[in-house]
Amino acid sequence: MSTSATGASGQQRAPLLDVRNLIVHHGQLRALSGISLQVFPGEVYAIIGANGAGKSTLLRTIAGLHYPTEGQILYDGRDVTRMRPDKRATAGMAMVPEGRRLFPSLTLEENLKVGATFARSGPWTIERVYDLFPWMKERRGQKTAQMSGGEQQSVAIGRALVANPRVLLLDELSLGLAPVIVQRIYGMLPQILSSGVTVLLVEQDVSQALRVATHLQCLLEGHSTLEGRPADVTAEQVEAAYFGMGGHHAATASAAENIAAEGSEA
Amino acid sequence: MSVTTDATVRSGQDRKVTRSRRNVAWTGAGALVVVVVLALFPYIVYSGTTAIMVQALIVLTLASMWNLLAGYAGLVSVGQQAFFGLGAYFILIPAMHGVSPFAALPIAAAGAAVVSFPLWWLVSRLRTGYFAIATWVMASAIALFIEQIQSIGGGTGMPLPGFAGMDPTLLAAYTYWAALIVAVVAIGSVYFLLRSRLGLVLTAIRDDETAARSSGVKVGLARLLVFVVAAAGCGAAGGVLAIDQLQVVPGTSGGVFSVQWTAIMAFAVIIGGLGTIEGPIIGTAVYMILQQTLQSYNAWYLIILGLVAIAIAIFARRGLWGLLDDKFNIRLFPVGYYLWSPGETRRRQRAKGPAPVS
Amino acid sequence: MSWVNAIIQGILTGGLYALFACGLSLLFGVMRVVNLAHGDLATVAAYIGIGIIAITHVPFLWSVPIVVAIMAVLGYVLQRSLIQAAISRGELTTLIVTFGLSIVIENGLLQFFTANNRGIGVGSSLISSSFSIGSGLQIAWLDVAIFGLAVVVLLGLQYFLSASKYGRLIRAVADDREAAQLSGANYQHVFGICAALAFATVALAGISYGMTTVVSPTTGTDTILLFAFAAVVIGGLGSLWGTLVGGIVLGVSQQIGAQINISYELLAGYIVFLVVLVIRPQGLTARRSQT
Chain A
14 MSTSATGASG
24 QQRAPLLDVR
34 NLIVHHGQLR
44 ALSGISLQVF
54 PGEVYAIIGA
64 NGAGKSTLLR
74 TIAGLHYPTE
84 GQILYDGRDV
94 TRMRPDKRAT
104 AGMAMVPEGR
114 RLFPSLTLEE
124 NLKVGATFAR
134 SGPWTIERVY
144 DLFPWMKERR
154 GQKTAQMSGG
164 EQQSVAIGRA
174 LVANPRVLLL
184 DELSLGLAPV
194 IVQRIYGMLP
204 QILSSGVTVL
214 LVEQDVSQAL
224 RVATHLQCLL
234 EGHSTLEGRP
244 ADVTAEQVEA
254 AYFGMGGHHA
264 ATASAAENIA
274 AEGSEA
Chain B
8 MSVTTDATVR
18 SGQDRKVTRS
28 RRNVAWTGAG
38 ALVVVVVLAL
48 FPYIVYSGTT
58 AIMVQALIVL
68 TLASMWNLLA
78 GYAGLVSVGQ
88 QAFFGLGAYF
98 ILIPAMHGVS
108 PFAALPIAAA
118 GAAVVSFPLW
128 WLVSRLRTGY
138 FAIATWVMAS
148 AIALFIEQIQ
158 SIGGGTGMPL
168 PGFAGMDPTL
178 LAAYTYWAAL
188 IVAVVAIGSV
198 YFLLRSRLGL
208 VLTAIRDDET
218 AARSSGVKVG
228 LARLLVFVVA
238 AAGCGAAGGV
248 LAIDQLQVVP
258 GTSGGVFSVQ
268 WTAIMAFAVI
278 IGGLGTIEGP
288 IIGTAVYMIL
298 QQTLQSYNAW
308 YLIILGLVAI
318 AIAIFARRGL
328 WGLLDDKFNI
338 RLFPVGYYLW
348 SPGETRRRQR
358 AKGPAPVS
Chain C
60 MSWVNAIIQG
70 ILTGGLYALF
80 ACGLSLLFGV
90 MRVVNLAHGD
100 LATVAAYIGI
110 GIIAITHVPF
120 LWSVPIVVAI
130 MAVLGYVLQR
140 SLIQAAISRG
150 ELTTLIVTFG
160 LSIVIENGLL
170 QFFTANNRGI
180 GVGSSLISSS
190 FSIGSGLQIA
200 WLDVAIFGLA
210 VVVLLGLQYF
220 LSASKYGRLI
230 RAVADDREAA
240 QLSGANYQHV
250 FGICAALAFA
260 TVALAGISYG
270 MTTVVSPTTG
280 TDTILLFAFA
290 AVVIGGLGSL
300 WGTLVGGIVL
310 GVSQQIGAQI
320 NISYELLAGY
330 IVFLVVLVIR
340 PQGLTARRSQ
350 T
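Chains as they are written, first to last, in my numbering: chain A, 14 to 279; chain B, 8 to 365; chain C, 60 to 350.
Okay, here's the thing in C-alpha cells:
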C-alpha cells in the first residue's frame, strides 16, 4: 500500500486521514483487527459491511470516542491517536454520529449554534446551512425531538458542517430512514464536497455507498475483506466481501484462530 | 484443509465447582481459633485493652453492616446512625423497666429491624444519590423526634440503669463478651447470607439490575432484606455502645444519632475494601489505629480518615484488601465460586494462578 | 395579623432556600452529581466571610463578592480534580467522595473555629432595620434584600443558560456529553464552569444565611442540606423556578408551624419533606422497567 497517491496531474498528495493497522477492543472482544485506510482530500471514502463488522467502531475510534489498543491515526500528518475528541473536532474532524444524537432540549438553531461554537473559519455558516436545507429556516425555534428522522439527520449534518471541518465523518446516515429520504440526503453530498470537505462515511446500504463513493473498503468481523475504487470492483466481489464467502476466507480464518487459541488454554 | 466449525464440547463431568481455591477448612479453623482467643481476652489482658476492643468490635459490626448495604446491595445509606441510636434507646427503655441490658440486646436488634420497614417504604424508590440524602434526613428527623421525649432523657440523655452494684471488672468483661458476640454474629450472618442464594441474587443485581429483574429476581425484596439486616446489626451495635458508655445521649454531634457514626463505618469500609467481607476488618483496624494515636486531637482523626477514604475511593477502589487480594489472591471468606478445569489440582494451579470466578 | 406576618416571612425565607437549592439542582441536572457536601459549602462560605471581615475589617457587603469569587474558583478547581475523578468512577464513588468532603469540611471547621455559633454582623446599617406595613406587619429589609437577590440570581441563571454561549454548551453537555465533544466542547471544562456557578450561588446563600442567623460547623448538614433538598424536591427536579416555589412552600410551612408552637419550626420542615417524598417523588425515583 503506497503512502501517497498520484492525482490527475501526476503530483504526489499526502493523505488527509491516514489510519494504520488499527486494533480496537471492546473490553475483551476484538472489534477491529489491523485496519488501515487512507483518505485523500476531496474523496468520498465509504466503509461498508454487515452489522457488527466494526464499521462504527472504526469511525468512533477515528473521531476519538474510543482509543485503539494498537495502531496509529494520522490526521494531516499529525498523530492524533490519543487526542481528545473535542480537540480533533476543533482541528477539523467533524462527525455526524450514528443515530443523529441531537441535543433534545435544544432548538434546531441552538443545535447548529453549538456546532458553530468552536468552528474554524470557512464557507459554512448557519445561514448557508439554511440555504442547503430551506425548510429549517421557519422551524429553527422548534425542539428537534419532534422532528422526523430525515429532518433530524439533516440537522445533525448541518451541526457538523457549521464547524467548517476538513473531514466529515458520517456514521450510518441511512439508519432508520426511508430510502427516498436517504437518497435526498445523499443528494446533498456534491454541495458539501464542492465546499472543500472530504468525506469518510460508514454505510450499511451498499448500493447507496457505491453510488457516492470514490473509494471503498469492506469490513467483515473486524477484518478488511475488500478495498478499492467502485469502478474497479464487481458486484460479485462486493457481495463476497460483504458476506465472507469465496475468495479470502476472512470468517473461517478467524474461527480457526479462536479454536486453536482455546486448545492451548486447556 | 478441513476445519471443524464447532469446538470440541467438554464433558460437564470433568468440571468441578467449589467455593474457593484453597481448602477453606484451614481458614475456618483459623477463624475459630481467633474467636476463642478473643473470648479469653478478659482473662489475659487488662480491662483497658478490652475497653478498646469493645470500641473496635462496635465499629467492626457497623462496618460489616455498611459494607453489606453499599458493597453488596448498592444502597448508600448515610442514615444508619438512626438505627444505631434507636438500638441504644431500645436497651435504655427496657432497662428503665427492670430488664437487664444484656438481655435487651436482641430487643435492640429486633426493634431497629422493625423500624426499618416503614423507613424502607419511604426511601426505597429513590435513586442512589437521593436515597443517600433521604436516609440522612430521616435520621435527623428521628433524632429530633426522640429528643422531644423527656421521659427518656430528652435532649440531654440519660444514664443506663441496671448495673447498680455490679463489680466493675465483671461488668467490663460482660460488656466485652457482649460486644464480641454481637460482632461475631454480625459477621457470621453476613457471611452466610452472602453464601446463600441471597448472595447470588445480590451479585446478579449488582452486575445488571435489568437483566436480574427480567430473570425473575425479586430485586426489591432482596434489598429490603439487606436493609432490615443492616438495621438490626446497627441496632445491636448501638445497644452495645449504651452498655459500654452506661448512658444514652442523643444529639447529632457526638451523641448516638451523630452522622459521625455513619462516617466512621463508611470510611472504615472504603479504606478496608468495599464489597469484600475482609474489608471491614482491615478498615476497622485502620480506624482504631488512627483513633488511638490521634485521640487527643479531637476532630483530626475524622478529618484524616475522611481524606484517606476519599483518596482510596479514587485511587484504590477495592481498598486495602483489594490491593492485597490482587497480589496474593486470598479469600478468607469465600463467597464466590471457582471453576476447576479437568485434571487441575490445587498443586498445579498454585503454579498457574488463574483468577477465581466470583 | 401575626399569621400574615408569618406567611410573608415564610415567602421571603423561601428566596433564601431557593438560593440554597439552585446549586444542587444545577449540579444534578448537568452532571448527575448529588453533592452531599452542598450544605457544608454554604457554611464554608459564611465562615470565609466571617474570617475576611474579622481580618480586613471591610464593610460586610464587600465580603460578598470576594467570597463568591473565592468559592467560584474553588468550585472549578474541585470539580476538575476531585469530583471529575469521582464521576468517572461511578455514582457510588461520587457519593462517597462528596460525603467524605462533607465530613472533612465539618470537622475541619470544628477544629479551627470551635463549635460556637457565629454570624456575620450587619451592624446598624439600613439593611438591618425593618419597616412596617399597617399595624402588625414587621418586615426586615435584609429579608427583602435576600429574596430580591434570589430572584435576581434565578433570572440571571435562566438568562445565562438560555441565551449565552456557555449556557448553551452546559445544556448540550447535559443532554449528550459525547455529541457535545464531537462539536468541539471540552466537557470537563464545561462541568467546571457549571460547578463554579453552583458554588457561587451556594456562596451567596451561605453568606445571606450568615447574615440572617448564626452558623456553626454542623449547620450545613443540620439544616441547609435538608432545606435545599426539600426545596428541590417540592419544586420538581430540573426546574430552576421550581426551587423558588419549593423554597416558598417550605418557608411558609415552617412559619406556620412556628406559629402553632415555636419548637415545631424545624419539625414542620421534616413533615413537608416527608409528605412530598411520599406523594410526589418525581425525578427522584429510579427508572424502573416494568416486569
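Every residue gets a Cβ at the ideal spot worked out from N, C-alpha and C, and that includes glycine. This structure is a prediction, so every number in the text was calculated from the model and none was measured.
For residue i, which option in the options has the closest C-alpha, if you only look at C-alpha atoms?
i	options	result
Ala222(C)	Thr120(A), Leu233(A), Thr94(A)	Thr120(A)
Val52(A)	Asp245(A), Pro110(A), Arg224(A), Leu214(A)	Leu214(A)
Ser207(A)	Ala76(A), Pro136(A), Ala63(A)	Pro136(A)
Ala244(B)	Phe109(B), Ala102(B), Ala77(B)	Phe109(B)
Ala259(C)	Pro118(C), Leu213(C), Ala317(C)	Leu213(C)
Val225(A)	Gly235(A), His236(A), Leu202(A), Gln166(A)	Leu202(A)
Glu122(A)	Ile139(A), Ser134(A), Val109(A)	Ile139(A)
Taking DSSP as the reference, what is the three-state secondary structure of residue i?
i	result
Gly257(A)	coil
Ser161(A)	coil
Phe190(C)	strand
Ser322(C)	coil
Asp31(A)	strand
Leu327(B)	helix
His12(C)	Missing from the structure shown is residue 12(C); chain C here goes from 60 to 350 and no further.
Ala345(C)	Annotation note: pLDDT 48 at Ala345(C) (below 50); position unreliable, no value reported.
Ala95(B)	helix
Ala306(B)	coil
Gln87(B)	coil
Gln252(B)	helix
Thr72(C)	helix
Arg204(B)	helix
Going along the chain, which residues of its own chain have a beta-carbon closer than 8 angstroms to the beta-carbon of residue i, five neighbours each way excluded?
i	result
Gln221(A)	Ser187, Val195, Gln196, Tyr199
Ala239(C)	Leu228, Ala231, Val232, Tyr246, Val249
Ser267(C)	Leu75, Leu78, Ile205, Leu208
Ala44(A)	Val37, His38, Gly67, Thr70, Gly235
Ala211(B)	Ala218, Ala219, Ser222, Val224
Excluding the five sequence neighbours on either side, which residues of its own chain have a C-beta within less than 6 angstroms of the C-beta of residue i, listed in chain order?
i	result
Ala254(A)	Cys231, Thr238, Leu239
Ile338(C)	none
Gln68(C)	Gln314
His38(A)	Thr82
Ile146(C)	Thr153
Ala239(B)	Ala116, Ala119, Ala120
Ala264(C)	Leu78, Phe79, Ala101
Thr278(C)	Thr102
Ala180(B)	Pro49
Taking 7 angstroms as the limit between beta carbons, can you name the residues of its chain near residue i, skipping five residues before and five after?
i	result
Ala262(C)	Ala104, Val126, Val127, Met130
Trp328(B)	Gly279, Gly280, Thr283, Glu285, Gly286, Ile289
Does chain A have any CB closer than 8 angstroms to the CB of residue i?
i	result
Asn245(C)	yes
Gln240(C)	yes
Leu216(C)	no
Leu299(C)	no
Arg139(C)	no
Less than 7 angstroms between the CB of residue i and some heavy atom of the ligand FMN, yes or no?
i	result
Gly171(A)	Ligands are entirely absent from the displayed structure, and the ligand FMN is therefore not among its contents.
Is the Cβ of residue i closer than 8 angstroms to any Cβ of chain C?
i	result
Gly65(A)	no
Gly128(A)	yes
Trp307(B)	yes
Phe146(A)	no
Val192(B)	no
Thr103(A)	yes
Quick one: does residue i have its CB under 8 angstroms from some CB of chain F?
i	result
Gly136(B)	No chain F is present in this structure, whose protein chains are A, B and C.
At a Cβ threshold of 8 angstroms, is residue i touching chain B?
i	result
Gln170(C)	yes
query: Where are the alpha helix (DSSP H) runs, 4 residues long or more, that stay fully inside the segment 172 to 237 of chain A, in chain order?
result: 192 to 199, 202 to 207, 219 to 225
task: Taking only runs that begin and end inside the segment 97 to 177 of chain C, name each unbroken alpha helix (DSSP H) of 4 or more residues, in chain order.
output: 97 to 115, 119 to 137, 143 to 146, 150 to 172
- request: Any chance you could list the beta strand (DSSP E) runs of at least 3 consecutive residues sitting entirely within the segment 40 to 91 of chain A, in chain order?
  value: 42 to 52, 57 to 62, 83 to 88
- request: With a floor of 3 residues, list each beta strand (DSSP E) that falls wholly inside the segment 93 to 146 of chain A, ordered by position along the chain.
  value: 106 to 109
query: Enumerated in chain order, which unbroken segments of the alpha helix (DSSP H) with a length of 4 residues or greater are wholly contained in the segment 245 to 305 of chain C?
result: 246 to 271, 284 to 294
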